[in-house]
Structures are given as C-alpha cells and as structure tokens.
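K.L.:
Sequences listed follow chains C and X, in order.
All residue numbers for the first sequence refer to the working numbering, where the first residue is 18 and numbers rise by one.
All residue numbers for the second sequence refer to the working numbering, where the first residue is 26 and numbers rise by one.
Quick reminder that beta carbons are idealized off the backbone N, C-alpha and C, glycines included.
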Amino acid sequence: MNVKAKLGALANCTPWTREQIAANAARDIPEGFYVNLGIGIPVLVANYIPPEREVVIQSENGILGMGPEPPPEAINRWLINASKKYVSLVPGGSYVHHADSFAMIRGGHLDLCVLGAFQVAMNGDFANWSKSATDMPSVGGAMDLAVGAKAVWLLMDHTTKDGESKLLRRCTYPLTAVGAATRVYTNLAVLDVTVEAFAVREMAPGVSFEALQDVTDAPLSKAA
Amino acid sequence: MINKIVHSMAEAMADIRDGAVVLIGGFGSIGQPNALIEALIEQGAKDLTVVANNAGVGHVGLARLMEVGRVRKIVCSYPRTTDPVVFEGLYRAGQIELEVMPQGTMAERMRAAGAGIPAFYTPTSVGTLLAEGKEVREFRGRRYVLEEAFHGDVALIEAWEADRWGNLTYKSSARNFNPVMAAAAALTIAQAQHIVPLGELDPEHIHTPGIYVDRVMRVPYGEPTVT
C-alpha cells in the first residue's frame with residue numbers, strides 16, 4: 018500500500034494535537050516523580066500537571082524544582098530553562114552547577130525524562146540529534162538523559178509529513194541511545210516499547226488498530 | 026595581601042596566547058561573560074579553541090569572537106540555538122571546526138580536569154557515533170565509554186559577587202558551567218557585577234572558592250538578555 022492510501026485509512030480520525038500529546042503524558046506522571054522535560058513538545062507537559070500533584074521538574078542547566086513561565090513583572094532574568102525561556106523556581110527548588118546537574122541525570126536519580134525524537138525503534142533505540150552528516154548536529158543533554166533516567170518517554174508525531182512511519186524496526190538516523198526508550202506518545206497513539214513490538218495502550222479518536230499498523234513500520238501488539 | 030581584583034581589561038586579558046583553549050561559561054547568554062569576551066577580541070589572541078555549551082547568539086559575545094575570525098574550533102553540546110547566524114555561516118563555509126559533545130560528558134570532562142581525574146567511564150553515548158573510536162568497557166553488566174579530562178588554558182567566568190580573594194557567587198541558573206570551568210583552567214578570569222569586602226560573602230554560600238580564580242574584574246552591567 019502506498020503512503021497516501023495508508024493515510025486514507027486514517028481519514029476519519031482526529032489526531033491528537035501537540036498540546037493533547039503533552040496532556041496525555043502529563044496525565045501519566047505520578048506524584049513524587051523527578052522529571053526532566055526536553056525541548057519541543059516535552060516542555061509543554063509542565064502545563065498539564067495538575068497543581069495539586071507534586072512533581073519535581075529538573076532542568077539540565079542546573080534547576081531542580083522548575084516552575085512555569087512567570088508573569089512579566091516577576092521575571093528573574095538569570096532564570097531560564099533548557100529552551101532558553103524564562104521560568105520560575107517553585108518553593109523548595111534549588112540550583113546546582115552543570116556537573117552536579119548531570120550527576121543527577123546520569124546517576125539514575127531521575128524517575129523520568131520526556132524527550133522529542135525523529136525516530137524510535139521497537140527495541141527502544143531512538144534518534145533525536147542529527148539527521149545526516151551534513152545536518153548541524155546538536156546533541157545537548159539528550160544522550161545523558163537517555164541513559165540516566167529510569168524511564169524515557171518520547172513525544173513525537175507518528176509519521177513524517179509525507180506519511181513515513183517514525184516508529185521503526187530499526188532507526189536509520191544516528192542514534193541518541195541504544196534500547197533506552199520505554200514509551201512513546203504520538204499524535205495517533207500511546208505505545209509501550211516491548212522489544213518485539215510496540216504495545217498499543219491507547220489510540221486517538223477514530224484510529225483503529227489496523228489503520229495504526231498500516232502507518233507503522235514496526236509491528237504492533239495490543240497492550241495487556 | 027592577596028588581591029585578585031584587576032582594574033583594566035588589559036590586565037584581565039594579559040598572557041592569553043594564540044592557540045589557547047578557552048572555556049567560556051554560560052548556557053545560551055545567561056551566565057556568559059560577554060564583557061570578558063569583548064575584551065578578548067580587543068586583546069587579539071587568535072586561533073583559539075573555544076569550549077562553550079552553545080555556539081553563540083546574534084552578533085555579540087561569543088558570536089562576535091567567531092565573527093572576527095579568532096576561533097579555529099568550537100567544542101559545544103548544542104550549536105543549533107535560536108539565532109546561531111554567525112556560527113552557522115562559518116560552519117557551512119568550512120571556516121570553523123565543530124566538535125559536538127554530550128552536555129553531561131562535556132561538564133564531567135571539565136570537572137574531572139579540575140579534580141585531578143585523568144579519565145572516567147560514562148554510560149552516555151554508548152553505541153552512538155559520538156563513542157566511535159573510544160574505549161568501551163563493561164562494568165556490572167553495562168557498557169561504558171572512556172572519556173578523558175578536558176583542561177582549559179583559560180576560563181572566562183561570569184559571577185554575581187566576588188571578593189579580593191576571588192571567592193564567587195552566581196545568580197540562579199547563571200551558575201551553570203561557570204564553577205566547573207573555573208576549576209578546569211590554568212588561568213581563570215571572572216567578571217562580577219559586585220565586588221564586596223573580604224569576609225562579607227557568607228562562607229556557607231560561596232559557590233566557587235577563590236583557590237580556583239586568578240583575576241576578577243568588576244563589570245556591573247545590570248540585567249542579561251536572553252537573545
């Protein structure tokens with residue numbers, strides 16, 4: 018089946034928006050988790066964690082207990098997140114230097130990191146830093162986060178704009194980490210990495226398992 | 026009497042040589058010592074290797090140092106920032122060398138340099154392009170990549186407060202790479218918004234003790250901007 022025909026099977030579905038993808042991930046973060054949110058869709062996750070649920074957000078530039086963007090009159094011009102946007106510090110928050118920030122990350126202290134990705138494979142390999150040798154490679158903290166956090170969730174579109182699957186049997190772009198991703202939140206579904214397949218936990222309104230498989234290169238299974 | 030306070034940028038920049046490895050603090054423009062970078066441009070050292078998290082924004086500070094042709098190579102984790110116009114132009118034209126390092130590896134390599142550790146094993150980058158050619162060893166069933174300490178000839182640091190011994194504090198997330206780089210270079214030069222009398226900084230809250238700092242220049246520039 019060609020790409021257009023595949024997408025035709027999804028003509029009547031309502032894909033989740035970026036905000037809904039972020040809200041889906043936020044819904045699944047338990048109270049008490051220490052979480053790092055990467056740039057792109059992942060930073061939006063913070064907007065959807067209910068204020069009564071205490072989740073401690075870490076930012077790689079040395080913030081533990083990062084709060085939302087402040088109103089203009091309350092901006093601290095020395096306080097930015099990994100996307101270089103103004104943020105705030107919640108009560109109980111602290112600052113550390115970069116080596117300590119990454120000791121936190123690499124040392125297995127984070128319960129979760131949420132990252133964007135270009136591609137993910139069914140064994141948990143993923144790619145999010147370089148598309149080719151001529152691309153300007155920008156790795157940032159992704160490789161450290163991927164190996165350090167106890168769980169790695171990827172927030173991404175299910176396919177490229179041309180309809181090519183981003184959930185693959187094997188990644189073709191340079192890897193960020195080997196076998197690190199544990200769950201994927203896309204605009205079409207929420208899926209767990211199980212090595213043999215992506216296990217579908219949930220689908221966007223109007224998406225059927227068969228139609229989802231048609232636009233997914235890797236095999237799918239139904240989550241228990 | 027120990028007095029690390031200098032009163033001119035010429036004094037601050039003395040002895041920086043062509044070909045030096047210069048560690049520059051900051052994450053984006055926050056915590057980036059722009060006045061010292063401007064002074065380095067003035068001083069004229071060239072053929073530099075610069076280590077910084079990003080590759081400069083707009084046409085100021087680090088971006089300007091590159092624009093005037095003083096940087097042979099940049100070592101950073103994330104060159105693709107909001108406005109890396111200068112770096113991008115030089116990179117596409119093949120006029121600057123780029124080495125991309127995972128951010129945590131970059132920080133730890135400099136931390137190791139400052140701490141007298143020649144090399145260490147890290148799980149970061151195992152099985153990726155950035156581990157190619159590096160020794161991989163297994164500990165307790167997991168694979169790790171050998172990374173070497175990264176020393177600087179010079180570190181340019183931005184602090185909030187300083188005293189004449191070179192004790193420093195930083196403000197909020199402007200701390201970032203600054204304390205790590207201060208310890209990793211042979212010559213550490215800090216710009217500080219405030220100079221306070223010795224003994225005034227709370228010893229419980231000094232972030233960088235003066236042993237790591239060689240020169241301090243007062244630069245009360247006010248508030249940084251993100252771009």
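Contact criterion: CB-CB distance below 8 Å. Does Gln128 (chain X) meet it with respect to chain C?
P.N.:
Along the second sequence, read from residue 1 onward, the residue named residue 128 (chain X) stands at position 103. Judged by the 8 Å Cβ criterion, Gln128 (chain X) is in contact with chain C.
K.L.:
Just list the residues that DSSP pairs Val217 (chain C) with in beta bridges.
P.N.:
For the purposes of this step, residue 217 (chain C) is taken as the residue at position 200 of the first sequence. Beta-bridge pairing links Val217 (chain C) to C:Leu208 and C:Lys239.
K.L.:
Just by C-beta distance, which residues in the stretch 221-250 of chain X are closer than 8 Å to chain C?
P.N.:
Correct list: His232, Glu248, Pro249 and Thr250.
K.L.:
Assuming Ile74 (chain C) is part of the beta strand (DSSP E), what are its boundary residues?
P.N.:
The residue you call residue 74 (chain C) lines up with position 57 of the first sequence. Val73 to Ser76 is the extent of the beta strand (DSSP E) around Ile74 (chain C).
K.L.:
My understanding is that Ser100 (chain C) touches Val60 (chain C), with C-beta atoms under 8 Å, so please give their C-beta distance in whole angstroms.
P.N.:
Against the first sequence, residue 100 (chain C) aligns to sequence position 83. Against the first sequence, residue 60 (chain C) aligns to sequence position 43. Contact flag correct, Cβ pair sits at about 6 Å.
K.L.:
Are the C-beta atoms of Gly256 (chain X) and some chain C residue less than 8 Å apart?
P.N.:
Coverage of chain X is limited to positions 26 through 252, which leaves residue 256 (chain X) absent and any answer about it impossible.
K.L.:
Would you give the residue range spanned by the alpha helix (DSSP H) that Thr130 (chain X) belongs to?
P.N.:
The sequence position of residue 130 (chain X) within the second sequence is 105, counting from 1. Gln128 to Ala140 is the span of the alpha helix (DSSP H), which, as asked, contains Thr130 (chain X).
K.L.:
Taking the beta strand (DSSP E) that Asn53 (chain C) belongs to, which residues open and close that run?
P.N.:
Taking the first residue of the first sequence as 1, we reach residue 53 (chain C) at position 36. Note, Asn53 (chain C): beta strand (DSSP E), Tyr51 to Leu54.
K.L.:
Is it a yes or a no for the stretch 126-136 of chain C touching the stretch 48-68 of chain C, going by three-plus beta-carbon pairs under 8 Å?
P.N.:
yes
K.L.:
Please state whether DSSP places Glu69 (chain C) in a helix, a strand or coil.
P.N.:
As a working note, residue 69 (chain C) is residue 52 in the first sequence. Three-state result, Glu69 (chain C): coil.
K.L.:
So, for Ala197 (chain C): in the same chain, excluding its five sequence neighbours on each side, which residues have a beta-carbon less than 8 Å away from its beta-carbon?
P.N.:
Numbered from 1 along the first sequence, position 180 holds the residue referred to as residue 197 (chain C). Around Ala197 (chain C): Gly141, Asp142, Phe143, Ala163, Val164 and Val169.
K.L.:
Mind pulling the chain C residues with CB within less than 9 Å of Arg165 (chain X)?
P.N.:
What you label residue 165 (chain X) is simply residue 140 of the second sequence in a count that begins at 1. The contacting residues do not exist; Arg165 (chain X) stays about 13 Å from chain C at best.
K.L.:
Output the distance between the C-alpha atoms of Glu122 (chain X) and Glu71 (chain C), rounded to the nearest integer angstrom.
P.N.:
As a working mapping, residue 122 (chain X) is identified with position 97 in the second sequence. As a working mapping, residue 71 (chain C) is identified with position 54 in the first sequence. Between Glu122 (chain X) and Glu71 (chain C), the C-alpha separation is close to 44 Å.
K.L.:
Look at the alpha carbon of Thr233 (chain X) and the alpha carbon of Trp95 (chain C), and state the distance between them as a whole number of angstroms.
P.N.:
The residue labelled residue 233 (chain X) in the question sits at position 208 within the second sequence. The residue labelled residue 95 (chain C) in the question sits at position 78 within the first sequence. Across the structure, Thr233 (chain X) and Trp95 (chain C) are spaced so that their CA atoms are roughly 18 Å apart.
K.L.:
Does DSSP put Pro204 (chain X) in a helix, a strand or coil?
P.N.:
Working through the second sequence from its first residue, we reach residue 204 (chain X) at position 179. Here Pro204 (chain X) sits in helix by DSSP.
K.L.:
Along the chain, where does the alpha helix (DSSP H) containing Glu165 (chain C) start, and where does it finish?
P.N.:
The residue given as residue 165 (chain C) occupies position 148 in the first sequence. Per the sequence shown, residue 165 (chain C) should be read as Gly rather than Glu. First-last of the alpha helix (DSSP H) with Gly165 (chain C): Ala159 to Gly165.
K.L.:
Below 7 Å on C-beta distance, what does Arg200 (chain X) contact in chain C?
P.N.:
The residue labelled residue 200 (chain X) in the question sits at position 175 within the second sequence. Those are Gly79, Tyr112 and His114, listed as they occur along chain C.
K.L.:
So, with DSSP's three-state summary, where would you put Ala91 (chain C)?
P.N.:
Here residue 91 (chain C) refers to the residue found at position 74 when the first sequence is read from its first residue. It is helical.
K.L.:
Could you tell me the alpha carbon to alpha carbon distance between Leu171 (chain X) and Thr193 (chain C), rounded to whole angstroms?
P.N.:
Counting from one through the second sequence, the residue named residue 171 (chain X) turns up at place 146. Counting from one through the first sequence, the residue named residue 193 (chain C) turns up at place 176. Near 17 Å, if we compare the C-alpha coordinates of Thr193 (chain C) and Leu171 (chain X).
K.L.:
If I measure Cβ to Cβ from Gln230 (chain C) and keep anything under 6 Å in the same chain, skipping five residues before and after, which residues do I get?
P.N.:
To locate residue 230 (chain C), count along the first sequence from 1; it is residue 213. Excluding residues within five positions, the ones whose Cβ falls inside 6 Å are Leu237.
K.L.:
Look up Leu48 (chain X) in the DSSP assignment and give the residues it is bridged to.
P.N.:
Stepping through the second sequence from its first residue, residue 48 (chain X) is reached at position 23. Answer is X:Val76 and X:Ala180.
K.L.:
Listed in chain order, which residues of the stretch 140-165 of chain C have Cβ atoms closer than 7 Å to some Cβ of chain X?
P.N.:
Met153, Pro154, Ser155, Val156, Gly157, Gly158, Met160, Asp161 and Val164
K.L.:
Looking at Trp185 (chain X) and Ile27 (chain X), is the spacing between their C-beta atoms short of 8 Å?
P.N.:
The sequence position of residue 27 (chain X) within the second sequence is 2, counting from 1. The sequence position of residue 185 (chain X) within the second sequence is 160, counting from 1. Contact: no.
K.L.:
What is the DSSP secondary structure of His115 (chain C), reduced to helix, strand or coil?
P.N.:
Mapped onto the first sequence, residue 115 (chain C) falls at position 98. His115 (chain C) falls in the helix class under three-state DSSP.
K.L.:
Taking CB distances under 8 Å as the criterion, tell me whether Lys167 (chain C) reaches chain X.
P.N.:
For this step, residue 167 (chain C) is matched to residue 150 along the first sequence. No, Lys167 (chain C) does not count as interfacial toward chain X.
K.L.:
Along the chain, where does the alpha helix (DSSP H) containing Glu92 (chain X) start, and where does it finish?
P.N.:
Against the second sequence, residue 92 (chain X) aligns to sequence position 67. Its alpha helix (DSSP H) spans residues Leu87 to Glu92.
K.L.:
Cα separation between Met306 (chain X) and Tyr195 (chain X)?
P.N.:
This structure gives no information on residue 306 (chain X), because the portion of chain X shown stretches from 26 to 252.
K.L.:
Measure from the C-beta of Val205 (chain X) to each C-beta in chain C and report whether the shortest distance is under 8 Å.
P.N.:
Stepping through the second sequence from its first residue, residue 205 (chain X) is reached at position 180. Yes, contact with chain C.
K.L.:
Consider the Cβ of Ala180 (chain X): report whether some Cβ of chain C lies at a distance smaller than 8 Å.
P.N.:
Taking the first residue of the second sequence as 1, we reach residue 180 (chain X) at position 155. Judged by the 8 Å Cβ criterion, Ala180 (chain X) is not in contact with chain C.
K.L.:
So does the stretch 205-214 of chain X actually touch the stretch 131-148 of chain X, counting three or more Cβ pairs closer than 8 Å?
P.N.:
Judged by Cβ distances under 8 Å, the stretch 205-214 of chain X makes contact with the stretch 131-148 of chain X, as three or more pairs qualify.
K.L.:
Let me check understanding here. Comparing Cα to Cα, which of C:Tyr103, C:Leu208 and C:Ala221 lies closest to Ala235 (chain C)?
P.N.:
Taking the first sequence and counting its residues from 1, one reaches residue 235 (chain C) at position 218. Measuring from the Cα of Ala235 (chain C), the nearest candidate turns out to be C:Leu208.
K.L.:
Any idea what DSSP makes of Leu226 (chain X), helix, strand or coil?
P.N.:
Taking the second sequence and counting its residues from 1, the one referred to as residue 226 (chain X) is at position 201. Residue state, collapsed to three classes: coil.
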